[in-house]
Amino acid sequence: MKPISLLVALFVAIVFAATAHALDEQAAAGLGAEDVGARLEAINALVATGDEAALALLQAMQDGELNVTPSGRVVIVRDGKILNAITMATLEPVPEEIDSIVVNNRIRGALETAIGALKLFSPDRAVRLASAKAIESTSQTALLPLIEKAIAKESDRGIRESLQQTKAALDLKSSDPGVRLAAVTMLAQSKQGQVKNLLLALLEKDASGIYFEPDENVRAAAERSVDSIRYRLLISDYLARLFTGLSLGSILLLVALGLAITYGLLGVINMAHGEMLMIGAYATFVTQQLFKSYAPGLFDWYLVAAIPVAFAASALVGMVLERTVIRWLYGRPLETLLATWGISLFLIQSVRQIFGAQNVEVANPTWMSGGVELGNMVLPYNRIVIIAFSMFVLLMMWLMLSRTRLGLFVRGVTQNRMMASCVGVHTARVDLMAFGLGSGVAGLAGCALSQIGNVGPDLGQSYIIDSFMVVVLGGVGQLAGTVYAALGLGVLSKFLEPHIGAVLTKILVLVLIIAFIQRRPQGLFALKGRAVEA
Amino acid sequence: MKLEKLETRYIPRTEPLFSGVGWAALGAFALVTLVILPLLYLLPAPDSPLHISAYTITLAGKILCYCIVAMAMNLIWGYTGILSLGHGVFFALGGYAFGMYLMRQIGREGQYQSDLPDFMVFLDWKAFPWFWTGSEHFLWSALLVILIPGVLALVFGFFAFRSRIKGVYFSIITQAMTFAFMLLFFRNDTGFGGNNGFTDFKRVLGFPITAPSTRAVIFAITALALIGVVFLTRFLIRSKVGRILTAIRDSESRLMFSGYNPLGYKLFVWTLSAVLCGIAGALYVPQVGIINPSEMSPANSIEIAVWVAVGGRGTLIGPLLGAGVVNGAKSYFTQTFPEYWLFFLGLLFILVTLFMPRGVIGLVSAIRRERK
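Chains as they are written, first to last, in this note's numbering: chain A, 4 to 537; chain B, 24 to 395.
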């Protein structure tokens, strides 16, 4: 802001601060007028002062505390005492006879707008912001003087810009072409889709072929403004899609990470992988219930405790399955597929018997509800947390695979099981650990999913096919393939969905994957060498 | 990795198509399904102990259709070693193709008395979409029953086999295809009735569809089709093509080193299998009286695999046995204690793959060998 305008603003503020004291009983007296029209006028006059005392007075009126004496003096009756309407001092002597002022619907409406608008002068920034947002789409030109005052007084840049937009939208109705031109130019910076419609309306013709906006310069400016708003909306729309795409992709990544490990290592497609998600989600649910009953004070932090619980529960189930079923089927991948499908049916039905077929409710902790506002879109905290969480899991996985002894063994066995066994790696134990790890990561994914979707026995089924596609596309043996495939599929789906719908998107993605495999049969990042044909 | 050894006995050319016992069994099966069951359904009075109900004959007809599907699955999985998780789609597509004809046969007797099927009136369609053209002709619909699954399988298989997608990769891709088709058919705007599918059929070729005689005839046709499929399978497997198919199953790379290109053979057996499924679907719809997208759910397709696994894949009667036993058990369980059916099915999957890798037939022949 230029210094000169700062000075002007300061000056104006001082002047208004001075005039604010001009609020006297005379202004208040209008509120007690017999005629409804006169009362409305008085309300508008009070609003125009922009005074704190006016706000208090109007709120008292809204609460039905205003009374009028036979002499026409307006007083407030509160807690059995009769107060001066302006100074709030107890009145001496007590008036003998008072009548309450009736607030009918028309006046109540005017009061609500007036009180909302007067909050623009509150010392609290949050109250001013809320008030500015509330009148953003108003069409009452009566508010114009007040808004102008508020703009002059406002110190916060964000609120001032919002008010300027509101003023500009109201200025469109002005009879002065110069004011309209300024308003139209101002509105080019609007972040709201409806402003675009407002401007487009100017460009239309009425039935007799005459533009609603008579001035040619204003029309030209309106066209430019519409273009610039459209462009800005388009960009934020694409950003929003990118965000939801990344969010979907990070979930697919969480689901597919475990799958890629077990498939890469054992050559086994685990159809029960989806049920590991489900177990993780139900473990989160159980943790939540325990916190609810035993530590309600710490309820907001149940999710932190649920993460290891979900991991442990799914890892345990996975390891038991590896020991009892999958171990005996190594080298028979198609049969493993069928057996693990059987396991998944079994697990689904077990959960139905224990928890019921209905979805259970898993609540977001309070720190995860709400979101960050960015332009005209809101990024929910739970999605942001999940994206961060999946990156964290990915990092842990990478550290585990590249820095630990177990990771070394897992990579060794993935590349050449026979050779690893020959140099003394206990491959059976590596299998067990890796299966537990893969299932545990699925449990983490389930824990994450419980925060954004329904938790029910069929939870796993809805994600499993998509995550298989990630593994098919990404290839196995390298984390990078899974990461690129998951994020790529997530973003691609979200960019296609608005155009062709969710179902056609799924079909198109499948077709694209098949087309892609024509060129690179082993996925994005294929292992090279003999391991491929093992 | 150890290769799995399935029975691939050399059968000399001069040996007859079936052994004496085989012919006898086939004859007995034909006698029961073509003569005795239809007659028992049609002739005795409803209160006679010999009478079998419409429910039973429908259930039996349904299971015969499933037997055809199991035989088709056996061709591709049992003999060629390719596990398809998409056979439910071919089955349902065959059903839908024939269902279109049955919908046209309703004529103006629907709830809205319109030339269009009820669901189209309901969804405010004004005319038949282009793919319904000609569906009022029986022959064209019968052709579609073969063409639709066949062409889909041919195209899908060509791209999949050409890029040498095999093993679990192929299974997963077919499952994704199944899932996509199910979602597609669940939509209302595709012209296939959305999640209600086709139902309320009135007649087929002019005969009322619920009349006992029509039911008996369709049942007999199904049995005849199944017998035909058994002959076809036997003939195919004993031919040179059949030997190559089992070679693909046992060691595809070795077959390629011997100078064969497996693409054509795989494509042939995959398409044939899909067409057989389509025919089974077309026979299924008039008997059950409804076809809807839930037939395409991935779970249904994978269940087909377990029928074959239970009976014994790579054998001629194993799949028939499996389809019969599992579906018999299913209708028993879902009536008596529905909540345990999934437990039973899940355990069946696990136990069969763990302890009976060659199914009931394998178990029986193992016991026989022990005795000797």
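Glycine residues also receive a C-beta, built at the ideal position from the N, C-alpha and C atoms.
* Given 8 Å, three or more beta-carbon pairs between the region 218–227 of chain A and the region 177–192 of chain A -> yes
* In chain B, what lies closer than 8 Å to G463 (chain A) by C-beta? -> As a first step, residue 463 (chain A) must be located in the first sequence, where it is residue number 460. Simply none; closest approach about 13 Å.
* To do: Measure the alpha-carbon distance for V569 (chain A) versus L511 (chain A) and round it to whole angstroms.
  => Nothing can be reported for residue 569 (chain A): it is not among the residues displayed for chain A, which extend from 4 to 537.
* Asked: Mind listing which residues of the region 198–224 of chain B have their C-beta closer than 7 Å to chain A's C-betas, in chain order?
  -> Q198, A199, M200, F202, A203, L206, L207, R210
* Any contact of the region 218–234 of chain B with the region 117–135 of chain B, i.e. 3+ C-beta pairs under 8 Å? -> yes
* Asked: Does any CB atom of chain A fall closer than 9 Å to the CB of G287 (chain B)?
  -> Walking along the second sequence from the start, residue 287 (chain B) turns up at place 264. False, the Cβ-Cβ gap to chain A never drops below 9 Å.
* Under 7 Å Cβ-Cβ, which residues of chain A neighbour V112 (chain B)? -> Along the second sequence, one-based indexing puts residue 112 (chain B) at 89. Under the 7 Å cutoff, chain A gives no residues; its nearest Cβ is about 13 Å from V112 (chain B).
* Going straight from the alpha carbon of S320 (chain B) to that of L206 (chain B), what length do you get? -> Numbered from 1 along the second sequence, position 297 holds the residue referred to as residue 320 (chain B). Numbered from 1 along the second sequence, position 183 holds the residue referred to as residue 206 (chain B). Taking the straight line from one Cα to the other gives about 9 Å.
* Asked: Is Y241 (chain A) helix, strand or coil when you go by DSSP?
  -> The residue given as residue 241 (chain A) occupies position 238 in the first sequence. Here Y241 (chain A) sits in helix by DSSP.
* To do: Mind listing the chain B neighbours of M279 (chain A)? Cutoff is C-beta to C-beta under 7 Å, in chain order.
  => Walking along the first sequence from the start, residue 279 (chain A) turns up at place 276. The premise fails here: M279 (chain A) is roughly 15 Å from chain B at the closest Cβ pair, so nothing lies under 7 Å.
* chain B contacts from the region 346–359 of chain A (Cβ-Cβ distance under 9 Å) -> I346, S347, L348, F349, L350, I351, Q352, S353, R355, Q356
* C425 (chain A): buried (16+ other C-beta within 10 angstroms of its C-beta) or exposed? -> Stepping through the first sequence from its first residue, residue 425 (chain A) is reached at position 422. C425 (chain A) is exposed by the Cβ-count criterion.
* Asked: Considering only C-alpha positions, which residue in the set B:W148, B:S194, B:F254 is nearest to F215 (chain B)?
  -> Here residue 215 (chain B) refers to the residue found at position 192 when the second sequence is read from its first residue. Looking at the Cα atoms, B:W148 is the closest of the given residues.
* Straight-line gap, S158 (chain A) to G217 (chain B) (C-alpha atoms, nearest Å) -> Sequence index remark: in the first sequence, residue 158 (chain A) carries index 155 (1-based). Sequence index remark: in the second sequence, residue 217 (chain B) carries index 194 (1-based). Distance between the alpha carbons of S158 (chain A) and G217 (chain B) is about 58 Å.
* **Proximity to I551 (chain A) [Cα-Cα], best of A:G277, A:V198, A:E207, A:A63** => No answer is possible for residue 551 (chain A): it lies beyond the span of chain A, which begins at 4 and ends at 537.
* Alpha-carbon spacing of P235 (chain B) relative to N323 (chain B), whole angstroms -> Here residue 235 (chain B) refers to the residue found at position 212 when the second sequence is read from its first residue. Here residue 323 (chain B) refers to the residue found at position 300 when the second sequence is read from its first residue. Cα-Cα distance, rounded: 29 Å.
* To do: Have a look at D218 (chain A) and M380 (chain A) and give me their C-alpha separation to the nearest angstrom.
  => Indexing the first sequence from 1 puts residue 218 (chain A) at position 215. Indexing the first sequence from 1 puts residue 380 (chain A) at position 377. The straight-line gap from Cα to Cα measures roughly 34 Å.
* Asked: Are the C-beta of V253 (chain B) and some C-beta of chain A separated by less than 9 Å?
  -> Residue mapping note: residue 253 (chain B) aligns to position 230 of the second sequence, counting from 1. Closer than 9 Å: no.
* Asked: For R222 (chain A) and chain B, any beta-carbon pair shorter than 9 Å?
  -> Residue numbering aside, residue 222 (chain A) sits at position 219 when the first sequence is read from its first letter. R222 (chain A) does not count as touching chain B.
* To do: Return no unless some Cβ of chain A is closer than 9 Å to the Cβ of W100 (chain B).
  => Residue mapping note: residue 100 (chain B) aligns to position 77 of the second sequence, counting from 1. Judged by the 9 Å Cβ criterion, W100 (chain B) is in contact with chain A.
* Same chain, Cβ closer than 6 Å to L490 (chain A), five either side skipped, listed in chain order -> As a first step, residue 490 (chain A) is located in the first sequence; it is residue number 487 there, counting from the start. For L490 (chain A), where only same-chain residues beyond five positions count, the Cβ hits under 6 Å are G252.
* **Where M379 (chain B) falls: helix, strand or coil (DSSP)** => Within the second sequence, residue 379 (chain B) is the residue found at index 356, counting from 1. Looking at M379 (chain B) - three-state DSSP - the assignment turns out to be coil, as it is neither helix nor strand.
* Between F367 (chain B) and Q521 (chain A), which are expected to be in contact by the criterion C-beta below 8 Å, what is the C-beta distance as a whole number of angstroms? -> Translated into positions along the second sequence, residue 367 (chain B) becomes position 344. Translated into positions along the first sequence, residue 521 (chain A) becomes position 518. Incorrect: roughly 41 Å between the Cβ atoms, too far for contact.
* **Close-in-space but distant-in-sequence residues of the same chain around A346 (chain B) (CB under 6 Å, 5 per side omitted)** => The sequence position of residue 346 (chain B) within the second sequence is 323, counting from 1. These residues qualify, in order along the chain: Y89, C90, A93, W330.
* To do: Please report the residue range of the beta strand (DSSP E) in which I85 (chain A) lies.
  => In the first sequence, residue 85 (chain A) corresponds to position 82, counting from 1. Note, I85 (chain A): beta strand (DSSP E), 84–87.
* To do: Decide if the region 256–263 of chain B is in contact with the region 303–321 of chain B; the criterion is three or more beta carbon pairs, one per stretch, under 8 Å apart.
  => By the Cβ criterion, the region 256–263 of chain B is not in contact with the region 303–321 of chain B, since fewer than three pairs of Cβ atoms, one from each stretch, lie closer than 8 Å.
* Asked: Between N70 (chain A) and D102 (chain A), is the Cβ-Cβ spacing less than 9 Å?
  -> Here residue 70 (chain A) is taken as the residue at index 67 of the first sequence, counted from 1. Here residue 102 (chain A) is taken as the residue at index 99 of the first sequence, counted from 1. Result yes, Cβ atoms of N70 (chain A) and D102 (chain A) sit closer than 9 Å.
* Between which two residues does the alpha helix (DSSP H) containing G439 (chain A) stretch? -> Walking along the first sequence from the start, residue 439 (chain A) turns up at place 436. Here the alpha helix (DSSP H) through G439 (chain A) covers 430–452.
* Touching or not, the region 454–472 of chain A and the region 357–364 of chain A, by the rule of three or more beta carbon pairs under 8 Å? -> yes
* Rounded to the nearest angstrom, how far is the Cβ of S194 (chain B) from that of L116 (chain B), given a contact under 8 Å? -> Along the second sequence, one-based indexing puts residue 194 (chain B) at 171. Along the second sequence, one-based indexing puts residue 116 (chain B) at 93. With 8 Å as the limit, S194 (chain B) and L116 (chain B) do not qualify as a contact, their Cβ atoms being about 19 Å apart.
* Would you identify the three-state DSSP class for N513 (chain A), choosing helix, strand or coil? => Taking the first sequence and counting its residues from 1, the one referred to as residue 513 (chain A) is at position 510. Note that residue 513 (chain A) is Leu in the sequence shown, not Asn. Per DSSP, reduced to three states, the secondary structure at L513 (chain A) is helical.
* Asked: When burial is assigned at 16 or more other CB atoms within 10 Å of the CB, is W370 (chain A) buried or exposed?
  -> Here residue 370 (chain A) refers to the residue found at position 367 when the first sequence is read from its first residue. Exposed is the call here.
* Status (buried if at least 16 other CB within 10 Å, exposed otherwise) for K539 (chain A) -> In the structure as shown, chain A begins at 4 and stops at 537. Residue 539 (chain A) is therefore absent and cannot be evaluated.
* Mind checking if E325 (chain A) is an interface residue toward chain B, Cβ cutoff 9 Å exclusive? -> The sequence position of residue 325 (chain A) within the first sequence is 322, counting from 1. E325 (chain A) does not count as touching chain B.
* Can you find a CB in chain B that lies within less than 9 Å of the CB of A263 (chain A)? -> The sequence position of residue 263 (chain A) within the first sequence is 260, counting from 1. No, its Cβ sits nowhere closer than 9 Å to a Cβ of chain B.
* **Bounding residues of the alpha helix (DSSP H) (the contiguous stretch that carries V292 (chain B))** => As a first step, residue 292 (chain B) must be located in the second sequence, where it is residue number 269. Start and end: 285–311.
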